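Using my numbering, the letters of the sequence shown correspond one by one to residues 57 to 340.
These notes are about the structure you will find just below.
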Amino acid sequence: MTDLKRSSKLFMDETRAPVLDPGARKTKTGYFWALARDDRPWNGTAPPGVAFTYAPGRGGLHAERILQGFGGILQVDGYAGYNRLIAPGRVGPGIQLAYCWAHARRKLVEITRAGTAPIAEEGVRLIGELYAIEAEIRGLGPEQRLAARQERSEPAVARIKAWLELHRARVSAKGPLGEALSYIAKYWTGLTLFMADGRIELDNNAVERTIRPIALNRKNALFAGHDAGAENWAVIASLIETCKLNGVDPYAWLAATLHAIVTDHKQSRINDLLPWNYAAKLGD
57 MTDLKRSSKL
67 FMDETRAPVL
77 DPGARKTKTG
87 YFWALARDDR
97 PWNGTAPPGV
107 AFTYAPGRGG
117 LHAERILQGF
127 GGILQVDGYA
137 GYNRLIAPGR
147 VGPGIQLAYC
157 WAHARRKLVE
167 ITRAGTAPIA
177 EEGVRLIGEL
187 YAIEAEIRGL
197 GPEQRLAARQ
207 ERSEPAVARI
217 KAWLELHRAR
227 VSAKGPLGEA
237 LSYIAKYWTG
247 LTLFMADGRI
257 ELDNNAVERT
267 IRPIALNRKN
277 ALFAGHDAGA
287 ENWAVIASLI
297 ETCKLNGVDP
307 YAWLAATLHA
317 IVTDHKQSRI
327 NDLLPWNYAA
337 KLGD
């Protein structure tokens, strides 16, 4: 976690974590908060990783606590709880929220699936233009990505803005389409922040992918036995998913790490055992 928070660009998301509540004879709903780094799309040198933290709720105060000491760009979805991160006197100066085009697009796609929806279909097509450009510049350095965006994505963003302003004035704000358009307008500044910084992605899919296995495992495990169990679950998930991000077999890494520990690996060299350093050794 400390290593991740030294980064200048991170992703954050959260997912439910059912926990047994014996006194109430039922389960309560906690949350796993995922803080992830993946600089590979802009050719960054920091290794990818994710740290999960268990918290008893979804309130923004938990994100604030987790992010103490971080100052940079945080890519998130539109959950209102993240707003407290940029409120005066909160986590600290310098945090900028970049929002997720995938969430905006998803709302429009849902409308098109319900029937003929030419306005929503046009919006999906326009957002698709942005993704097509991003696919071509993935892996380039931030300066090259920014230059390409200013040349090619800027006209596409202008077309989306014109489409948005035209149809917001015509459709009911209370219908699904009106709500989808209002969502895009509300988060417009954060959605278009990628036009000012080549490190920013169009979406926060990088962290959503790390959460997906937890959601699947949740169906199998049903719940954690207690809060401490959920905290342990978060630690294990952090290690496994970080291994996967670095192309490391989690079982092989765990076996090698346990062997190192029992053969007197020095605590001062604990960083040597992190999944990305294990991956580097494999490549030597």
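Glycine is no exception: its CB is placed at the ideal position from the N, C-alpha and C atoms.
As the structure is a computational prediction, the values presented were derived from the model and not from experiment.
For residue j and residue i, the rounded distance between their alpha carbons
i, j, result
"L60", "G197", "20 Å"
"D283", "L301", "27 Å"
"A204", "D69", "28 Å"
"G150", "N139", "14 Å"
"A290", "A176", "38 Å"
"G171", "E190", "29 Å"
"G303", "E257", "21 Å"
"T33", "N327", "A question about residue 33 goes unanswered here, because the residues of the chain that appear run from 57 up to 340."
"R201", "D95", "13 Å"
"L76", "E287", "13 Å"
"I183", "K322", "51 Å"
"L131", "L117", "As written in the sequence, residue 131 is Gln, which differs from the Leu given in the question. Cα to Cα, the separation comes out at about 17 Å."
"M251", "V227", "28 Å"
"A102", "K82", "42 Å"
"L91", "T58", "11 Å"
"Y187", "V213", "11 Å"
"P232", "K242", "15 Å"
"W89", "P104", "17 Å"
"R93", "S63", "8 Å"
Given residue i as reference, the closest of the options once Cα atoms are compared
i, options, result
"E178", "A311, G234, L220, E70", "L220"
"K163", "D328, G115, A236", "A236"
"Y110", "P74, T101, F250", "P74"
"G128", "Q200, W244, L186, L66", "L66"
"C156", "W244, S324, P306", "W244"
"E264", "L186, D305, H118, H159", "H159"
"A107", "A335, L295, A154, A188", "L295"
"D253", "E287, A308, L153", "L153"
"P211", "E199, G234, E185", "E185"
Sheet register partners of residue i (DSSP bridge)
i, result
"P74", "T85"
"A102", "Partner(s): none; A102 has no beta bridge."
"R93", "G105"
"I129", "K65, Q152"
"Y110", "F88"
Exposure label - residue i; buried when at least 16 CB within 10 Å
i, result
"H315", "exposed"
"D305", "exposed"
"Y307", "exposed"
"I240", "buried"
"P174", "exposed"
"S324", "exposed"
"I167", "buried"
8 Å contact criterion, which residue i and residue j should meet: CB distance rounded
i, j, result
"N260", "D133", "6 Å"
"P331", "T298", "5 Å"
"R194", "P97", "5 Å"
"R121", "G137", "About 12 Å separates the two Cβ atoms, so there is no contact after all."
"T71", "I267", "5 Å"
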